Structures are given as C-alpha cells and as structure tokens.
Amino acid sequence: MRMEKIIKAAVERGASDLHIKAGDVFRARINGKLVALTKQRLTPDQTRAIAMKLISSEEDRARIDRLRDFDCSWGMPGVGRFRVNVLRQRSSFMIVMRVIPFTVPTVESLRLPEVLKQVAESDRGLVLVTGVSGSGKSSTIAAMVHHINRTQQKHVVTVENPIEFLHRDLSCSVTQREVGVDTESLAIGLRAALRQDPDVVVLGDIADAETIDTAIKGAETGHLVIASMPAPDAVSTIERIVATLPREEREIGRMRFAESLRAIVAQQLLPEKDESGRVAAVEVLLATPPVREVLRDHSRLGELRKL
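Residue 291 in the numbering used here sits at position 280 of the sequence shown, with consecutive numbering throughout.
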C-alpha cells in the first residue's frame, strides 16, 4: 500500500500521530493507543525514501544521511498538514508525523472554557499554555489565535518550529515565521517579532532562559505574548520559569514574571466516556492580585492550588 493511502486511512480513523520506523510496521496513535496499520515491516531503504519525500528542502535532502534529528512540516492535499520529526536510530531512519487538520480549531470545537476568549482579548501580558507532549497545546493556542483573528484588528506574529496551523488574514494581519526557514532560532525570531509592530506574539515551546526573558520583556513592553511550555501544571510551570533564572536575579525575576503574567492554561487529554476520542481537561490560573502576591514569594507556591 502506498504511503499516502496509509496516511489517509489513519487520519480518517482519527490518528493524532503516525510512526514510521525501519524494521517495524506503520503505526498510528488513535485515542491515545499506538496501533498497527499494516502487516509488512518496512526496510531501511523504504524509510529513507519516505524521509526523502517528506523533506522539502533540496539542501536538506542532499545531506539526509548526515542528519541526526530534523523537524519540518509536510502537507497532503485533501487530508491535512503534518509536523514531521525525522531522526536516526540503529543507523536507519525513524519518522514521527503529528497530524494537523487543515481547519483551524475554535474554542467551541475543542470544548475549551469560554474564559480563554477573554484571555485572548487581553491587550498585554504573558499567557503560557502548558502540558506534556501530545496534550493539545498547539491546538489550544491555534484556537486562541483564531478567536483574535476573527474578533480583533491587530497584527499577530507567530514564531513556530515548524508552522502548524495556517491562519488566513481575517480581521487581523497574521504573519507566520518558521524556525530554520524564516528565522534562525526561536529567540532570534522573537526579538525580530518585537520589532515588527506586533500586537500579539505567539511562540512555540519556550524552555531556555534567553527566550523566556525576551518573552517577559515583550509582555512588559505592552504586547500580548502567547507561548507553550512543556510542564504538567501551573505550579510546575512557575517552578520551571524560576529555575531558568540566575540565582542572583531570581528575586527580581519573580517580580517581573508576576507583573507580566496574564494566565497559565494547563491541560491534558482524557478519553471520552465512550472511548470515541479524547477531550482536553483544562485548568486556567488567572493572574489576579492574590495570585501575583503568591508569585512574588516562591515559598508560597503551594497556595496556588487553593486560589
């Protein structure tokens, strides 16, 4: 069976990810479980050929055998877009493809809390969408951007690795930049975005001190900054932010973070009661005055669970 037919069949079954590995069958993650799609195992040459098809850059295809880990996006007409990671294992290729629907999700379609619309309408501040890998962070951020795009008149700049959902200009002008294609790194792309007269800046996963600091500066200077972060809950997110700060700067760093924060949206995907799919379970921590007071004192973080 051709690769395209397998992918199409997997998407029609509701797959969130596809796994392609030499020595194994095609697999897909459906309702959280990794299931086999074929019986025939792939050879190293077959997985290499698939990797070549998914990598659009001629320069990267020319050096494919020297690549160790590579991210890109790929589209299949009538089926969807995919976030692709190609890596080497046991001297052959493994490919993981995250399914990205053509249709941009909405707050309603994802059954997210209505308060996220109010958060998205903020004029300034830092909004962190957190969760483990595969918890739907990108979809939630896309839904928030779509709400802004439909209801506001703003300039939205995204810096993604890679670009996932494609946003058409509606009421907003949306500029989407891809790391490795349009900008060298997330940090460099963020600094450039802040010079492009943005109202809203949207980022992929932020983890390093430089990017976190620049994101806070963006919020401090009057922008709405929406970013994802790999952390399971709000308290873990705050601890991770503080841990990136140099020890001698942590007190003032906590103050800056407390003042710039607008909300933390922590989520995980849980199975539906009838096991027909998965739905996001979301907790939203709004930066109210009592929350900001706790954020300024790291020893009081445990109190956040009561607020």
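Idealized CB from N, CA, C, for every residue including glycine. Just so it is clear, the structure is predicted and the values come from calculations on it, not from any experiment.
Under DSSP, the beta strand (DSSP E) around residue i begins and ends at which residues?
i, result
"Asp216", "Val211 to Asp216"
"Asp28", "Ala26 to Lys32"
"Val36", "Per DSSP, Val36 belongs to no beta strand (DSSP E) and is neither H nor E."
"Val295", "Arg289 to Leu297"
"Ser2", "Coverage of the chain is limited to positions 12 through 318, which leaves residue 2 absent and any answer about it impossible."
"Ala238", "Leu235 to Met240"
Considering only C-alpha positions, which residue in the set the options is nearest to residue i?
i, options, result
"Gly275", "Ile159, Pro243, Val118 and Ile75", "Inspection of the sequence shows that residue 275 is occupied by Ile rather than by Gly. The option with the nearest alpha carbon to Ile275 is Pro243."
"Asp208", "Ala220, Thr186, Asp224 and Glu221", "Thr186"
"Glu283", "His30, Lys32, Glu15 and Asn42", "Asn42"
"Ala204", "Ser149, Glu221, Thr225 and Val192", "Thr225"
"Gly25", "Ala39, Ile152 and Lys32", "Ala39"
"Arg34", "Asp28, Thr49 and Leu235", "Residue identity differs from the one stated: residue 34 is Gly in this sequence, not Arg. Minimum Cα distance to Gly34 is reached at Thr49."
"Lys44", "Ser27, Ile17 and Glu15", "Ser27"
"Thr248", "Ala277, Gly136, Ala230 and Lys16", "Ala277"
"Val211", "His234, Ile199, Gly288 and Leu201", "His234"
"Val290", "Thr299, Arg122, Asp219 and Val192", "Arg122"
"Leu280", "Ser287, Glu286, Ala245 and Ala292", "Ala292"
"His158", "Ile227, Lys228 and Leu181", "Leu181"
"Lys64", "Trp85, Gln51, Glu70 and Asp76", "Trp85"
"Ile18", "Val253, Ile152, Pro88 and Val126", "Pro88"
"Ala47", "Arg72, Ala20 and Asp216", "Ala20"
"Ser310", "Val253, Ser196 and Ala298", "Val253"
"Ala230", "Glu259, Asp216, Lys32 and Arg202", "Arg202"
"Val305", "Thr114, Arg101, Cys183 and Glu262", "Glu262"
"Ile31", "Glu23, Glu15 and Met105", "Met105"
"Arg99", "Cys83, Thr114, Glu119 and Leu78", "Leu78"
"Leu53", "Met14, Arg258, Glu286 and Ala73", "Met14"
"Thr299", "Asp71, Val36 and Gly136", "Gly136"
"Ser102", "Cys83, Pro116, Asn96 and Asp76", "Asp76"
"Val36", "Arg188, Val118 and Gln51", "Gln51"
"Pro116", "Val97, Ile227, Cys83 and Arg179", "Arg179"
"Ile199", "Thr222, Asp216 and Ser184", "Thr222"
"Asp71", "Thr232, Leu127, Val192 and Thr151", "Val192"
"Ile217", "Val246, Pro257 and Ser196", "Ser196"
"Lys317", "Val246, Thr114 and Thr151", "Val246"
Contact check, residue i vs residue j under 8 Å by CB: the rounded distance?
i, j, result
"Val190", "Val170", "7 Å"
"Leu296", "Leu315", "7 Å"
"Val138", "Arg307", "Actually they do not touch by this definition, with Cβ atoms about 19 Å apart."
"Arg220", "Thr194", "Arg is not the amino acid found at residue 220; the sequence shown has Ala there. Not really, about 19 Å apart at Cβ, beyond 8 Å."
"Ala62", "Val97", "5 Å"
"Val118", "Ala153", "Actually they are not in contact, since the Cβ atoms of Val118 and Ala153 sit about 10 Å apart, beyond 8 Å."
By the DSSP assignment, the alpha helix (DSSP H) with residue i in it spans what residues?
i, result
"Gln129", "Val126 to Ala131"
"Lys50", "Premise fails: Lys50 is in no alpha helix (DSSP H) and is neither H nor E."
"Pro301", "Pro300 to Leu306"
"Ala274", "Taken as a continuous stretch (DSSP letters only), Ala274 belongs to no alpha helix (DSSP H), being part of the beta strand (DSSP E) at Leu272 to Pro282."
"Ala226", "Ala220 to Glu231"
"Lys19", "Met14 to Glu23"
"Thr326", "The shown model of the chain, from 12 to 318, leaves out residue 326, and the question about it has no answer."
Original post:
Quick check: the stretch 88-95 against the stretch 105-115, are there 3 or more CB pairs under 8 Å?
Top reply: yes
**OP:** Specify whether the stretch 161-174 and the stretch 249-267 touch according to this definition: at least 3 beta carbon pairs, one from each stretch, less than 8 Å apart.
**Re:** no
**OP:** May I have a chain-ordered list of the alpha helix (DSSP H) segments no shorter than 4 residues that lie completely inside the stretch 140-203?
**Re:** 148-162
Original post:
Unbroken alpha helix (DSSP H) runs of length 4 or more, entirely within the stretch 57-103: which are they?
Top reply: 69-73
Subject >> At least three beta-carbon pairs within less than 8 Å, the stretch 129-142 to the stretch 219-239 >> reply: yes
**OP:** Could you say if the stretch 153-166 and the stretch 129-136 meet the contact criterion of at least three C-beta pairs nearer than 8 Å?
**Re:** yes
**OP:** Check whether the stretch 51-62 touches the stretch 147-156, taking contact to mean three or more Cβ pairs, one atom from each stretch, closer than 8 Å.
**Re:** no
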